[in-house]
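**Student:** Taken in sequence, the protein lines are chains A and B.
FYI, in this note's numbering the residues of the first sequence are 6 to 250.
FYI, in this note's numbering the residues of the second sequence are 16 to 255.
Let me give you the structure first, and then I'll get to my questions.
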Amino acid sequence: MHNLLKLSWLNVKNKMFSRIFLFGIVCAFAYPLLWVFAVHKKYQLGLYCFEMGRFMYVIMLYVAAELLRDDIKNNTTKTIFTGVFSRTEIMLSKAISLVIWGCIFTILLEINNIIVSAILHETIGINGFLSVNHVQLFINYVVILFSMGGFMFLIVSIAFKDNKNILFYILLLGMINFFTSAIVTMIHRNPDLKTNFAFYILTPFYNAVDLAGWDFNAQAILINVLWGIVFIAIATLIINKREIK
Amino acid sequence: MFILQRVIRVLTLDMKMKGFFKGTIVSLLILLGVLLLGNEGKILFLNYPKDSIKDTARVFCSILPYIILVTLSASLTREFENKTDKIIFTGIFSRTEIIFSKLISFVVTGFICCSFYIVLLMIFGGFSFKGAGNSVITFIIYTFTLGSFTLLVSIITSNGIITGLIIYVLHFDLSLALLGQAIGSTKNLFVKNAIENLPFFIANTGFKAGVYTFWQAFIMIVCGVLALIATFVIINKKNI
Numbered sequence: 006m007h008n009l010l011k012l013s014w015l016n017v018k019n020k021m022f023s024r025i026f027l028f029g030i031v032c033a034f035a036y037p038l039l040w041v042f043a044v045h046k047k048y049q050l051g052l053y054c055f056e057m058g059r060f061m062y063v064i065m066l067y068v069a070a071e072l073l074r075d076d077i078k079n080n081t082t083k084t085i086f087t088g089v090f091s092r093t094e095i096m097l098s099k100a101i102s103l104v105i106w107g108c109i110f111t112i113l114l115e116i117n118n119i120i121v122s123a124i125l126h127e128t129i130g131i132n133g134f135l136s137v138n139h140v141q142l143f144i145n146y147v148v149i150l151f152s153m154g155g156f157m158f159l160i161v162s163i164a165f166k167d168n169k170n171i172l173f174y175i176l177l178l179g180m181i182n183f184f185t186s187a188i189v190t191m192i193h194r195n196p197d198l199k200t201n202f203a204f205y206i207l208t209p210f211y212n213a214v215d216l217a218g219w220d221f222n223a224q225a226i227l228i229n230v231l232w233g234i235v236f237i238a239i240a241t242l243i244i245n246k247r248e249i250k
Numbered sequence: 016m017f018i019l020q021r022v023i024r025v026l027t028l029d030m031k032m033k034g035f036f037k038g039t040i041v042s043l044l045i046l047l048g049v050l051l052l053g054n055e056g057k058i059l060f061l062n063y064p065k066d067s068i069k070d071t072a073r074v075f076c077s078i079l080p081y082i083i084l085v086t087l088s089a090s091l092t093r094e095f096e097n098k099t100d101k102i103i104f105t106g107i108f109s110r111t112e113i114i115f116s117k118l119i120s121f122v123v124t125g126f127i128c129c130s131f132y133i134v135l136l137m138i139f140g141g142f143s144f145k146g147a148g149n150s151v152i153t154f155i156i157y158t159f160t161l162g163s164f165t166l167l168v169s170i171i172t173s174n175g176i177i178t179g180l181i182i183y184v185l186h187f188d189l190s191l192a193l194l195g196q197a198i199g200s201t202k203n204l205f206v207k208n209a210i211e212n213l214p215f216f217i218a219n220t221g222f223k224a225g226v227y228t229f230w231q232a233f234i235m236i237v238c239g240v241l242a243l244i245a246t247f248v249i250i251n252k253k254n255i
């Protein structure tokens with residue numbers, strides 16, 4: 006078990022300090038700052054946090070896909086998947102890596118919250134920062150990463166080497182995420198619309214947006230954790246059955 | 016005559032690559048299938064009005080930029096990732112010619128997507144000759160400019176997914192939301208004009224509108240040419 010945890014942490018550490026990820030994070034910090042400086046409206050801290058979360062959504066999907074693809078690219082799939090650990094244990098370690106990524110993204114969001122609170126110290130300031138529910142933010146983003154990361158695992162396990170497909174799905178999910186926020190806003194304003202979208206509310210995409218920008222919602226957390234487990238389980242099954250060349 | 020032959024060979028070089036037409040057409044057909052299925056499902060099960068089938072062409076056109084983006088990002092980076100860049104860039108054709116032929120293949124991809132769109136308009140309604148003409152020009156300008164930017168980013172980061180994500184962030188939903196809000200909330204006319212004339216803002220807003228104004232088209236083409244020149248300079252200096 007201890008070795009498994011070390012493996013999970015190594016997977017994350019290697020990606021975290023890579024140039025591409027750091028570049029992405031710099032851009033992720035620049036995005037809400039652009040909202041602060043270029044848009045002359047006064048918003049709550051929650052909006053800047055949400056916008057950064059939306060930007061980082063594609064980065065999250067990318068790192069989740071890379072968790073599985075790194076092994077394929079570096080030709081370590083043969084070693085990793087036919088070595089000491091069983092394939093199921095490897096997938097379990099990757100699932101734990103997703104949780105670690107959730108913690109890292111939460112830390113980045115909190116840093117952003119501090120920066121924005123400091124810059125807009127008249128309207129938001131310390132009080133605004135303290136009024137954010139930090140534990141809830143942490144749980145929400147770990148669950149988002151677990152469910153959507155699991156979905157990316159499923160996609161990568163099917164489209165093993167195909168770059169184009171993976172890029173298409175990341176973009177598609179990014180687009181769905183972007184436009185779902187309009188649906189979530191609409192439903193929060195008129196709760197009677199819930200019956201029209203009852204089917205969509207059960208999908209992980211709706212709940213990922215709901216968790217990212219709105220208040221505590223136990224149902225959303227439960228639905229997404231279940232979806233995450235389902236996705237990772239199916240991906241593990243597919244990887245188990247695959248012939249690794 | 017020899018020069019003309021060489022020019023034609025360069026222009027059609029990338030299109031002769033295996034799976035070029037097949038890949039684009041298959042993804043367009045799949046998209047069309049999903050859309051028609053979704054529309055029929057909505058009409059049959061969710062009691063949407065039968066007229067909403069007319070929206071098919073419009074919804075198709077709004078997803079096309081994503082398909083075009085994926086095709087664009089995968090093209091040059093595929094060479095770097097399959098390690099065929101050494102073969103391609105040190106062969107008979109000069110590096111500039113290779114890049115140019117890729118750009119031509121992008122524009123042809125845009126043209127294929129445009130033809131699909133026009134056929135859909137003819138089948139489901141909303142077709143007009145002027146609109147079709149505008150669409151063709153719009154698609155060509157769009158793929159030219161976006162293609163040039165993509166080539167520039169591809170050369171710098173030789174990774175297909177990263178290229179796609181960078182272009183997505185710069186041109187699509189995220190930056191459009193930001194720039195749209197910035198325009199709406201500022202009273203400074205200079206800033207407003209500056210943002211409205213950014214190619215990042217013009218590319219997709221003009222595409223959705225179906226036609227670029229003369230000034231927008233001019234900016235797009237100039238920026239595309241600048242990006243292309245930058246690409247030529249970088250690829251010729253790069254150590255392969």
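Where is the CB? At the ideal position from N, CA and C, for every residue including glycine.
For the alpha helix (DSSP H) containing F26 of chain A, name the first residue and the last one.
**Tutor:** Taken as a continuous stretch (DSSP letters only), the alpha helix (DSSP H) holding F26 of chain A covers R24 to A43.
**Student:** Nearest to V49 of chain B by CA position, among B:F121, B:I83 and B:V74, is which residue?
**Tutor:** Comparing Cα-Cα distances from V49 of chain B to each of B:F121, B:I83 and B:V74, the minimum goes to B:V74.
**Student:** Since Q141 of chain A is in the alpha helix (DSSP H), which residue starts that stretch and which ends it?
**Tutor:** H139 to I163 is the extent of the alpha helix (DSSP H) around Q141 of chain A.
**Student:** Taking all protein chains shown into account, do 16 or more other C-beta atoms lie within 10 angstroms of the C-beta of S136 of chain A, making it buried, or fewer, making it exposed?
**Tutor:** Burial call: exposed.
**Student:** Could you work out which residues of chain B lie near G179 of chain A, taking near to mean beta carbons separated by less than 7 Å?
**Tutor:** The contacting residues are Y183.
**Student:** Against chain B, with Cβ distances strictly below 8 Å, would W106 of chain A count as a contact?
**Tutor:** With 8 Å as the cut-off, W106 of chain A does not count as an interface residue toward chain B.
**Student:** Quick one: does T201 of chain B have its CB under 8 Å from some CB of chain A?
**Tutor:** Output row for T201 of chain B: interface = yes.
**Student:** With the cut-off set at 8 Å, would you say L79 of chain B and L161 of chain B are in Cβ contact?
**Tutor:** Not closer than 8 Å, so no.
**Student:** Please list the residues of the region 49-74 of chain A that have a C-beta atom closer than 7 Å to any C-beta atom in chain B, keeping them in chain order.
**Tutor:** Per Cβ criterion, the list reads R59, F60, V63 and Y67.
**Student:** Could you tell me the alpha carbon to alpha carbon distance between I243 of chain A and L176 of chain A, rounded to whole angstroms?
**Tutor:** If I take the Cα positions, the gap works out to 23 Å.
**Student:** Assuming A43 of chain A and L118 of chain B are in contact, meaning their beta carbons sit under 8 Å apart, how far apart are those beta carbons, in whole angstroms?
**Tutor:** Not confirmed; about 32 Å, so no contact.
**Student:** Just checking: is the beta-carbon of I171 of chain B within a distance shorter than 8 Å of some beta-carbon in chain A?
**Tutor:** No, its Cβ sits nowhere closer than 8 Å to a Cβ of chain A.
**Student:** Which residues in chain A sit within 9 Å of L193 of chain B, going by Cβ to Cβ distance?
**Tutor:** The contacting residues are Y36, L39, W40, A43, V44 and E56.
**Student:** Look at V189 of chain A and Y211 of chain A and say whether their C-beta atoms are less than 8 Å apart.
**Tutor:** Yes; because the gap between Cβ atoms is below 8 Å, this pair is in contact.
**Student:** Tell me whether the beta-carbon of I82 of chain B lies closer than 8 Å to the beta-carbon of L52 of chain B.
**Tutor:** Not a contact, by the Cβ cut-off of 8 Å.
**Student:** Quick one: any contact between the region 23-43 of chain B and the region 183-197 of chain A, if contact means 3 or more CB pairs under 8 Å?
**Tutor:** Touching, no, given that fewer than three Cβ pairs across the two stretches are closer than 8 Å.
**Student:** Below 8 Å between beta carbons: does that hold for G148 of chain B and A72 of chain B?
**Tutor:** Not in contact: G148 of chain B and A72 of chain B (Cβ atoms no closer than 8 Å).
**Student:** Can you tell me the Cα-Cα spacing of A100 of chain A and I228 of chain A, whole angstroms?
**Tutor:** For A100 of chain A and I228 of chain A, the distance between alpha carbons rounds to 17 Å.
**Student:** Output yes or no for whether 8 Å exceeds the beta carbon distance between T245 of chain A and T93 of chain A.
**Tutor:** Here the sequence assigns Asn to residue 245 of chain A, which means Thr is not the residue at that position. Yes, they are a contact pair.
**Student:** Can you name the residues of chain B whose CB is closer than 9 Å to the CB of F183 of chain A?
**Tutor:** The contacting residues are F187, D188, L189 and A192.
**Student:** Contact criterion: CB-CB distance below 8 Å. Does L10 of chain A meet it with respect to chain B?
**Tutor:** Cβ-Cβ to chain B under 8 Å: no for L10 of chain A.
**Student:** State yes or no: is the C-beta of I176 of chain B within less than 8 Å of the C-beta of T39 of chain B?
**Tutor:** Result no, Cβ atoms of I176 of chain B and T39 of chain B do not sit closer than 8 Å.
**Student:** Among the candidates A:K46, A:I30 and A:G51, whose CA atom is the shortest distance from the CA of A217 of chain A?
**Tutor:** Selected option, being the one with the closest Cα: A:G51.
**Student:** Is M153 of chain A near A213 of chain A, with beta carbons less than 8 Å apart?
**Tutor:** The answer is yes: Cβ separation under 8 Å.
**Student:** Got a sec: is the Cβ-Cβ distance from E96 of chain B to anything in chain A below 8 Å?
**Tutor:** Closer than 8 Å to some Cβ of chain A, the Cβ of E96 of chain B qualifies, so yes.
**Student:** What number of angstroms, rounded off, separates the C-alpha of I239 of chain A from the C-alpha of L159 of chain A?
**Tutor:** If I take the Cα positions, the gap works out to 7 Å.
**Student:** Is it buried or exposed, V240 of chain B, if we count other Cβ atoms within 10 angstroms and call 16 or more buried?
**Tutor:** V240 of chain B should be labelled exposed.
**Student:** For Q196 of chain B, return the contacting residues in chain A, with the cut-off set at a CB-CB distance below 7 Å.
**Tutor:** Within chain A, the residues near Q196 of chain B are V44.
**Student:** Mind checking whether T246 of chain B and L167 of chain B have CB atoms under 8 Å apart?
**Tutor:** Yes; because the gap between Cβ atoms is below 8 Å, this pair is in contact.
**Student:** On the three-state DSSP scale, how would you describe N208 of chain B?
**Tutor:** Helix.
**Student:** For the region 70-88 of chain B, list every residue whose C-beta sits within 7 Å of some C-beta in chain A, in sequence order.
**Tutor:** Against chain A - using a Cβ distance shorter than 7 Å - the residues of the region 70-88 of chain B are Y81, L84, V85 and S88.
**Student:** Using a Cβ-Cβ cut-off of 8 Å, state whether L161 of chain B counts as contacting chain A.
**Tutor:** Not an interface residue.
**Student:** Which full runs of the alpha helix (DSSP H) of 4+ residues lie inside the region 169-204 of chain A, going along the chain?
**Tutor:** Runs found: none.
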